[in-house]
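Worksheet: the structure to be examined is printed underneath.
There are 2 protein chains.
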Amino acid sequence: MMRIVVIGLGLIGGSMALDLKKRVPSEIIGVDVSDAHAETALDKGVIDRIGSIGDVKEADTVIVAVPVNLTAKVVSEVLDLIGENTLVFDVGSVKESICKDLSTHLRRKNFVAAHPIAGTEFSGPDAAIHGLFDEKVNILCETEKSDWKILDKALSLFKLLNMRIKMMHPGEHDRHIAYVSHLSHVSSFMLGKTVLEIERSEEHIFDMAGSGFASTVRLAKSSPATWTPIFMGNKDNLLASLDGFIKNLNEFRAIIEQEDTVELSKIMEDTNYIKKVLSGIQEDAEV
Amino acid sequence: MMRIVVIGLGLIGGSMALDLKKRVPSEIIGVDVSDAHAETALDKGVIDRIGSIGDVKEADTVIVAVPVNLTAKVVSEVLDLIGENTLVFDVGSVKESICKDLSTHLRRKNFVAAHPIAGTEFSGPDAAIHGLFDEKVNILCETEKSDWKILDKALSLFKLLNMRIKMMHPGEHDRHIAYVSHLSHVSSFMLGKTVLEIERSEEHIFDMAGSGFASTVRLAKSSPATWTPIFMGNKDNLLASLDGFIKNLNEFRAIIEQEDTVELSKIMEDTNYIKKVLSGIQEDAEV
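If you read the sequences in order, they're chains A and B. When the first sequence is numbered by this note's numbering, its final residue is 296 and no position is left out of the sequence of numbers. When the second sequence is numbered by this note's numbering, its final residue is 296 and no position is left out of the sequence of numbers.
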């Protein structure tokens, strides 16, 4: 019977608890700063009981699934308390600062820095769903700093979650993820904002919104509590990706204004290459 | 037995043919400038036979589903040929210029200007699917210029397609659709372009792309042949919406740079209002 403590019972922590509970004989103990979230998680059967940070002392595995600005602090507290063989891993969308902050901790070897590339636009324990991680990529950073037995335990759990494992340098992770995740969120939020600004002054606009709009604006439903720390935690890379995006928008705007249909068509055709890139990635589209 | 001629056998024309064929006793005659597309439509059972523009003379209904820069010209040719009771309607994503170009045609009363808000990112007769229009909104413009019996025939067909009807001024249509459809396409294309530019110089980035990226970039798979004329046909409104979008992106960028987390969080929270707006809109998300 594995004792697993999940700290942070949101979409990611909650969904992980749901699947681990189903796939491994375990007691899942949930910890959350919000009593209401903890109660919801218990009522929904996401966790077996509500616990406190002290429960990590007796845990086999501790999953830290809190906003990324709190991850290093919480992991550090957990490392101070755990036994010798306890695995601690995080799930944060930012890796460089977390790895750096924890690099000198005396129990660093008990920690595995992870980022499962999985999610929806929803948040909180009510958003927890079964099978969220199946076939998804889980990025691990600085695995050479983890004890091999601890890392192996993590790999076993990730394989129970049916994840594909990819090792990556934390700086490289943050640079890439800015483009393929964080920028998409900014783009959705700003698209939503732009349309809402018009909608407030003009009636009925949303009767005209179709599936394309719903798809591009979906991430604008995401939680500010999750995403403000992520944007701050990956600020420099995000700004670089935003600059590239704004530059492309300005250039495309100029081409539209000049009515250069040949160039307009060529840019779109070149970008259609994204079809190939996306084959294999599923949208977890829920409106 | 209703004789329906569909000119343009792409996603929209093809999908309309499929459902009409199923839901009303009819012969569907397909016309396309591409012989290959016409053959595919016939092989797929989208149409009953391949015809030519001359077939509109004997038609009960003519559906013009060609790129928007050709719509007025094709509709005009069709109106010159048809009988007194023939309904002609278009499906274009741009309405003002089409209505204007056709306003003085002697047979204007046989025409209904329509824009079914439905689609996917795919194109051509292979993209035709059943049920594409069910529960979707169909915007009709300047219906006062259509003969009432012709308009009534159109309403019957649209109801067979299970569509919701909304009347709108063509200028108003174009102004709104720029925000809720055309801007989403530009945003997706430019997001795709920005990420592809990085991907060409850095490896493995797409292993890290998740469902959020797939969703926001989905429309970048759309056909340049469809979208170049739409962007040109709604140039002024699109530029206005793009200016709003770029302005918001620049402001958001500045707020990230200043690390003003309170404002950052507030903007995202305000934009979360999009949740309410989107309830009821389904994504036809296909990767």
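Built from N, CA and C at the ideal position, the CB exists for glycine as well.
For residue i: DSSP bridge partner residues
| i | result |
| --- | --- |
| A/Leu96 | A/Thr70 |
| A/Pro125 | A/Asn147 |
| B/Glu36 | B/Arg12 |
| B/Lys109 | Per DSSP, none; premise fails for B/Lys109. |
| B/Met177 | B/Cys150 |
Inter-residue spacing [alpha-carbon to alpha-carbon] between residue i and residue j
| i | j | result |
| --- | --- | --- |
| A/Cys108 | A/Ala122 | 7 angstroms |
| B/Val87 | A/Arg227 | 41 angstroms |
| B/Ile186 | B/Gly180 | 10 angstroms |
| B/Arg117 | B/Lys285 | 40 angstroms |
| B/Glu130 | B/Lys31 | 24 angstroms |
| A/Ser274 | B/Ser196 | 15 angstroms |
| A/Glu268 | B/Met241 | 7 angstroms |
| B/Ala223 | B/Ser193 | 14 angstroms |
| A/His182 | A/Val189 | 11 angstroms |
| A/Ala136 | A/Ile72 | 17 angstroms |
| A/Trp236 | A/Ser155 | 28 angstroms |
| A/Val65 | A/Leu90 | 7 angstroms |
| A/His178 | A/Cys150 | 6 angstroms |
| B/His191 | B/Asn257 | 17 angstroms |
| A/Ala45 | A/Ile138 | 18 angstroms |
| B/Val75 | A/Met25 | 49 angstroms |
| B/Gly19 | B/His124 | 15 angstroms |
| B/Ile265 | A/Ser288 | 32 angstroms |
| B/Phe215 | A/Tyr282 | 13 angstroms |
| B/Pro34 | B/Arg12 | 9 angstroms |
| A/Ile207 | A/Gly201 | 10 angstroms |
| B/Asp293 | B/Pro238 | Residue confidence is low: B/Asp293 scores 45 on pLDDT, short of 50, so the model does not pin down where it sits. Its coordinate-derived value is still stated next. C-alpha separation (whole angstroms): 23 angstroms. |
| A/Gly101 | B/Val97 | 56 angstroms |
| A/Ser8 | A/Ala127 | The structure shown has nothing for residue 8 of chain A, since chain A only spans 10 to 296. |
| A/Phe142 | A/Ile174 | 11 angstroms |
| A/Gly22 | B/Thr270 | 24 angstroms |
| A/Asp152 | B/Gly17 | Here residue 152 of chain A is Thr; the residue named in the question, Asp, does not match the sequence. Rounded to the nearest angstrom, the two C-alpha atoms are 56 angstroms apart. |
Nearest-angstrom Cβ-Cβ length linking residue i and residue j, presumed shorter than 8 angstroms
| i | j | result |
| --- | --- | --- |
| B/Thr203 | A/Gly253 | 5 angstroms |
| B/Ala2 | B/Phe198 | In this structure chain B extends from 10 to 296, so residue 2 of chain B is not present and cannot be described. |
| B/Arg262 | A/Leu248 | 7 angstroms |
| B/Met172 | B/Lys145 | 6 angstroms |
| A/Ala47 | A/Ile38 | Between A/Ile38 and A/Ala47 the Cβ distance is about 10 angstroms, and since that is not below 8 angstroms, they are no contact. |
| B/Thr70 | B/Leu166 | 7 angstroms |
| B/Phe120 | B/Val84 | 6 angstroms |
| A/Leu169 | A/Leu27 | In fact, because the Cβ distance is near 12 angstroms, the residues do not count as touching under 8 angstroms. |
| B/Val14 | B/Ala68 | 4 angstroms |
Simplified DSSP assignment, three categories, for residue i
| i | result |
| --- | --- |
| A/Ile59 | strand |
| B/Glu268 | coil |
| A/Arg12 | strand |
| B/Asp44 | helix |
| B/Ala26 | helix |
| A/Ile138 | coil |
| B/Phe120 | strand |
| B/Ile186 | helix |
| A/Asn246 | helix |
| A/Asn171 | coil |
| A/His194 | helix |
| A/Ile91 | coil |
| A/Pro76 | coil |
| A/Asp261 | Note that residue 261 of chain A is Phe in the sequence shown, not Asp. DSSP places A/Phe261 in helix when its eight states are reduced to three. |
| B/Lys104 | coil |
| A/Ser288 | coil |
| B/Leu18 | coil |
| B/Phe215 | helix |
| A/Phe254 | helix |
| B/Asp279 | helix |
| A/Ser274 | helix |
| A/Glu206 | helix |
| B/Glu86 | helix |
| B/Lys53 | coil |
| A/Asp161 | helix |
| B/Leu115 | coil |
| B/Asp156 | coil |
| A/Phe131 | coil |
| B/Ser231 | coil |
Residue i Cβ short of 7 angstroms to the ligand ZN heavy atom set
| i | result |
| --- | --- |
| A/His185 | This structure lacks the ligand ZN, and indeed carries no ligand of any kind. |
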